[in-house]
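A.B. asks: Residue numbers (the UniProt record's numbering), protein chains in the order written: chain A, 1 to 378; chain B, 1 to 378.
#1: Provide the residue(s) that pair with residue 114/A in DSSP beta bridges, ordered along the chain.
#2: So what does residue 226/B bridge to, in DSSP terms?
#3: Could you check how far apart the C-beta atoms of residue 177/A and residue 165/A are, in whole angstroms? I think they sit under 8 Å.
#4: How would you list, in chain order, the residues of chain B whose beta-carbon sits under 7 Å from the beta-carbon of residue 410/A?
#5: Rounding to the nearest angstrom, what Cα-Cα distance links residue 234/A and residue 328/A in this structure?
#6: When the Cα of residue 56/A is compared with those of 99/A, 16/A and 20/A, which residue comes out closest?
#7: Please confirm if residue 23/A has its CB atom under 8 Å from at least one CB of chain B.
#8: Just to make sure I have the definition right: I need the residues of chain B whose C-beta is within less than 7 Å of the C-beta of residue 114/A. Which are they?
#9: With burial defined as no fewer than 16 other Cβ atoms inside 10 Å of the residue's Cβ, what is the status of residue 380/A: buried or exposed?
#10: What residues are listed by DSSP as bridge partners for residue 212/B?
#11: Counting only runs that start and end within the region 138–181 of chain A, where is the alpha helix (DSSP H) found for 4 or more residues in a row?
#12: Determine the contact status of residue 295/A and residue 303/A, defining contact as a CB-CB distance below 8 Å.
#13: When you compare the CB positions of residue 120/B and residue 89/B, do they come within less than 8 Å of one another, or not?
#14: Count Cβ pairs between the region 303–312 of chain B and the region 346–356 of chain B that sit closer than 8 Å; are there 3 or more?
#15: Do we get a CB-CB distance below 8 Å when we pair residue 34/A with the residues of chain B?
#16: I need the straight-line Cα distance from residue 35/A to residue 229/A, nearest angstrom please.
#17: Consider the Cβ of residue 85/B: report whether some Cβ of chain A lies at a distance smaller than 8 Å.
#18: Put residue 220/A into one of helix, strand or coil per three-state DSSP.
#19: With a threshold of 8 Å, are at least 3 pairs of Cβ atoms found where one atom belongs to the region 25–42 of chain B and the other to the region 70–85 of chain B?
#20: Going by the CB atoms, is the gap between residue 5/B and residue 42/B shorter than 8 Å?
#21: So, is the C-beta of residue 212/A closer than 8 Å to a C-beta in chain B?
#22: Output needed in chain order: residues of the region 245–279 of chain B with a Cβ under 7 Å from some Cβ in chain A.
#23: Please name the residue, chosen from 276/B, 78/B and 123/B, that lies closest to residue 308/A on a Cα-to-Cα basis.
#24: Please list, in chain order, the residues of the region 327–360 of chain B that have any C-beta partner in chain A closer than 9 Å.
#25: Since residue 256/B and residue 369/B should fall inside the 8 Å C-beta cutoff, what is the C-beta to C-beta distance between them, to a whole number of angstroms?
#26: Would you decide whether residue 9/B is buried or exposed? Buried here means 16 or more other CB atoms lie within 10 Å of its CB.
#27: Would you say residue 215/B faces chain A, with C-beta separation under 8 Å as the test?
#28: Output the boundary residues of the beta strand (DSSP E) element that contains residue 394/B.
#29: Could you tell me whether the Cβ of residue 98/A comes closer than 8 Å to any Cβ of chain B?
#30: Could you please tell me which residues of the region 58–78 of chain B, in chain order, have their CB closer than 7 Å to any CB of chain A?
#31: If you compare alpha carbons, which of 180/B, 95/B and 134/B is closest to residue 373/B?
#32: Beta carbon of residue 306/B, beta carbon of residue 282/B: below 8 Å?
#33: Judging by CA-CA distance, which residue of 1/B, 50/B, 3/B and 40/B is the nearest neighbour of residue 24/B?
#34: Where residue 207/B and residue 146/B are concerned, what is the direct C-alpha to C-alpha distance, given to the nearest angstrom?
#35: Sort out for me which residues DSSP pairs residue 328/A with in a bridge.
#36: Buried or exposed for residue 14/A, please, with buried defined as at least 16 other CB atoms from any protein chain shown within 10 angstroms of its CB.
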């Protein structure tokens, strides 16, 4: 195997693939990165038990040559060293060569590295997804879906199914839902051309988080395919394969209150800043609890109280308020996560009493729903 | 106590003073920050057992009003909460008020915080330095001295005196010297108007490191005064007081070889980049050892070898070389620290044999000396 490649292209691909490689992989060869050189281009592969990522660098694209002097072949390099070496090389091009004794030589300018490689034949074959169940999304929309729901997954392994995001397509609508049983985040988008049956699946939150980091914001097309136990996200240069979580995701629709007793319309940033300040004095106490009190349909007050330290209080003006006055306490962290996920200048908050879950929605725009369970305080 | 202050000024002072405050201070009140309001300005004080920092914000300076509505008084606030609160306040001005029950009220825009304060009378009095032994330096020069020597102090408590930087004035020359017994860094600068006897002292490396972060780069005057156990760095707005280390600093001048067998003249950045790359394959092995070999008075070669991983080799062109050919091994980390401390495009390296300490100096410019002990490799 041999090729000469543009260093910047290689660095970018290496960084993507590294997101799937763990130094603690149970199978030793998975601590390495596979390099496949073909006449048409170079493919890098990284994998742990949950995620596999393939990044493809075509020999030529849009008239620009990325790879030259290709002699076909494959090798596995040590992922602990390879990325740093590539990153620090002196010149814009890199020559990578592997001989039949699995010695890898990396040359750039006057710098020369010899690395002990491993046999690519010993690298596990990634499953080829055989499925017709697929649909397409723009990468920026997919990133929004992940950002607006992924934070709400559970980080506790006590209910493993809640560590994933529930993804389903019903009636040409794609639903993303996540909950850790104290809060819930959901977002819907319309999809077209859904081929085959796309069932109700649960994708690990960690996988989506890594996918989020790799996808670009340029609105590239992402093709999403699913089998019974895996999901594949495919772009022009990237294959991102994740296992799915086993089990049935709980039915969440009945958690969402249908009518409200108190409805507030407020400016998002003002509320975020105020809760952020009040949370400074709620850090050690009862899960960062702050209290919201409405006053005469004019303002709402955010307060926090830490007996050892002190109190904070601040008023937020209300754009509009309907229904009964209210006092309610909640986790400032959950509330800040929810408000930051809503990409709208104004939000509607609907309460059905001090001990009932409340929901937060953008005042205009996308169908995002954030739900938070209040905290009992006496 | 009461005053209204520009928030940006306050944030900057609070950040400086925080560098002396430890959440783990043995005396509980030292986990707090003292605020003194006088008609002329506000003084913030922070201290642990080693360092005390006072930052002064004058009421008015260069026609700009920083503080208004001053009612004199003092209070100690909890340093764990106060800086974050000030940083996140909504408006450009902050009102701070303390009542006789030690309640502190912080107001800015609609935000209001009440904090439990502590009695400023219980805050330890900082020693007033009674000394005529002082001299002046520009702050940017002082920062250079710290940067070029401070990294070489020992981090081991086995010889506490080596955790400090040796500072002395002899014949109108200021000497900064640090060594951890494997390498040494020294820098001299001429000083004028040294009043009184300025003896041979040892300043904790940690103190100088904090001072480095606080001093500005604008070439402000710093007055340096010393007593038998403390050193005070004083600028217009800052008092930085550090204890000195007890004990005699070892005589280091005899460590420095007087003549050399091999003398190399090389470009600093090229050598840094090459050693940095070679060190990638020396990470886990014998203290990051790399090997330097001269070749025919033309080039030098930097190599590293990690049996499990591979080898690196790269040539660096030599501007000039005198004396015998040489093979020598050394810690890449020490070498990189030393080369980065030399703010010159070219360096002279003088060797007196493979097992003797070697020295690195700027080819032109300031009297900086870096010394490194080689590593024995077989």
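Cβ atoms here follow ideal geometry from the backbone N, Cα and C, with glycine treated the same way.
C.D. replies: Concretely, from the data shown:
#1: Within the first chain, numbered from 1, the residue matching residue 114/A stands at position 114. Per the DSSP secondary-structure output, residue 114/A pairs in a beta bridge with 105/A and 311/B.
#2: Working through the second chain from its first residue, we reach residue 226/B at position 226. Residue 226/B is bridged to 231/B.
#3: Taking the first residue of the first chain as position 1, residue 177/A is located at position 177. Taking the first residue of the first chain as position 1, residue 165/A is located at position 165. Taking the Cβ atoms as the reference, residue 177/A lies roughly 7 Å from residue 165/A, within the contact range of under 8 Å.
#4: Residue 410/A falls outside the range modelled here, since chain A spans only 1 to 378, and no answer is possible.
#5: What you label residue 234/A is simply residue 234 of the first chain in a count that begins at 1. What you label residue 328/A is simply residue 328 of the first chain in a count that begins at 1. Residue 234/A and residue 328/A: Cα-Cα distance of roughly 45 Å.
#6: In the first chain, residue 56/A corresponds to position 56, counting from 1. With respect to the C-alpha of residue 56/A, the residue from 99/A, 16/A and 20/A having the closest C-alpha is 16/A.
#7: Looking up residue 23/A in the first chain gives position 23. Residue 23/A does not count as touching chain B.
#8: Residue mapping note: residue 114/A aligns to position 114 of the first chain, counting from 1. Listed along chain B, the residues sitting closer than 7 Å to residue 114/A by beta-carbon distance are 310 and 311.
#9: Because chain A here runs from 1 to 378, residue 380/A falls outside it and cannot be looked at.
#10: Stepping through the second chain from its first residue, residue 212/B is reached at position 212. According to DSSP, residue pairing for residue 212/B in a beta bridge does not occur.
#11: Within the region 138–181 of chain A, the complete alpha helix (DSSP H) runs of at least 4 residues are 139–149.
#12: By one-based count along the first chain, residue 295/A stands at place 295. By one-based count along the first chain, residue 303/A stands at place 303. No; because the gap between Cβ atoms is not below 8 Å, this pair is not in contact.
#13: One-based indexing of the second chain puts residue 120/B at position 120. One-based indexing of the second chain puts residue 89/B at position 89. No, they are not a contact pair.
#14: As far as the Cβ criterion goes, the region 303–312 of chain B does not touch the region 346–356 of chain B, which means the pair count is below three.
#15: By 1-based counting over the first chain, the position of residue 34/A is 34. No - not a single Cβ of chain B is within 8 Å of the one on residue 34/A.
#16: Against the first chain, residue 35/A aligns to sequence position 35. Against the first chain, residue 229/A aligns to sequence position 229. Straight-line measurement puts the Cα of residue 229/A at about 26 Å from the Cα of residue 35/A.
#17: As a working mapping, residue 85/B is identified with position 85 in the second chain. So, interface residue.
#18: Taking the first chain and counting its residues from 1, the one referred to as residue 220/A is at position 220. Residue 220/A: coil per DSSP, three-state reduction.
#19: Result yes; three or more Cβ-Cβ pairs closer than 8 Å.
#20: As a first step, residue 42/B must be located in the second chain, where it is residue number 42. As a first step, residue 5/B must be located in the second chain, where it is residue number 5. A contact, by the Cβ cut-off of 8 Å.
#21: Residue mapping note: residue 212/A aligns to position 212 of the first chain, counting from 1. Not closer than 8 Å to any Cβ of chain B, the Cβ of residue 212/A fails to qualify, so no.
#22: Those residues of the region 245–279 of chain B that come within reach of chain A (Cβ to Cβ, closer than 7 Å) are 273, 276 and 277.
#23: Position 308 of the first chain, counted from the first residue, corresponds to residue 308/A. Ranking 276/B, 78/B and 123/B by Cα distance to residue 308/A puts 78/B first.
#24: In summary, no residue of the region 327–360 of chain B has a CB separated from any CB of chain A by less than 9 Å.
#25: Within the second chain, the letter at position 256 stands for residue 256/B. Within the second chain, the letter at position 369 stands for residue 369/B. Rounded to the nearest angstrom, the Cβ distance from residue 256/B to residue 369/B is 7 Å, consistent with a contact under 8 Å.
#26: Along the second chain, one-based indexing puts residue 9/B at 9. A residue is called buried once 16 or more other Cβ atoms fall within 10 Å of its Cβ, and residue 9/B is buried on that count.
#27: In the second chain, the residue the question calls residue 215/B occupies position 215. Taking Cβ atoms only, chain A never reaches closer than 8 Å to residue 215/B, which makes this a no.
#28: Any question about residue 394/B goes unanswered here, given that chain B covers just 1 to 378.
#29: Translated into the one-based positions of the first chain, residue 98/A becomes position 98. For residue 98/A, the answer is no, since every Cβ of chain B falls outside 8 Å of its Cβ.
#30: Those would be 78, in chain order.
#31: Locating residue 373/B in the second chain gives position 373, counting from the first residue. Closest option to residue 373/B, judged by alpha-carbon separation, among 180/B, 95/B and 134/B: 180/B.
#32: In the second chain, the residue the question calls residue 306/B occupies position 306. In the second chain, the residue the question calls residue 282/B occupies position 282. Here residue 306/B is near residue 282/B, since their CB atoms are less than 8 Å apart.
#33: As a position in the second chain, residue 24/B is number 24, starting the count at 1. Per the Cα distances, 50/B.
#34: The residue given as residue 207/B occupies position 207 in the second chain. The residue given as residue 146/B occupies position 146 in the second chain. Using only the alpha carbons, I get a separation of about 10 Å.
#35: Your numbering for residue 328/A matches position 328 in the first chain. Looking at the DSSP output, residue 328/A sits in a beta bridge with 292/A.
#36: Mapped onto the first chain, residue 14/A falls at position 14. Answer is buried; the Cβ neighbour count reaches 16.
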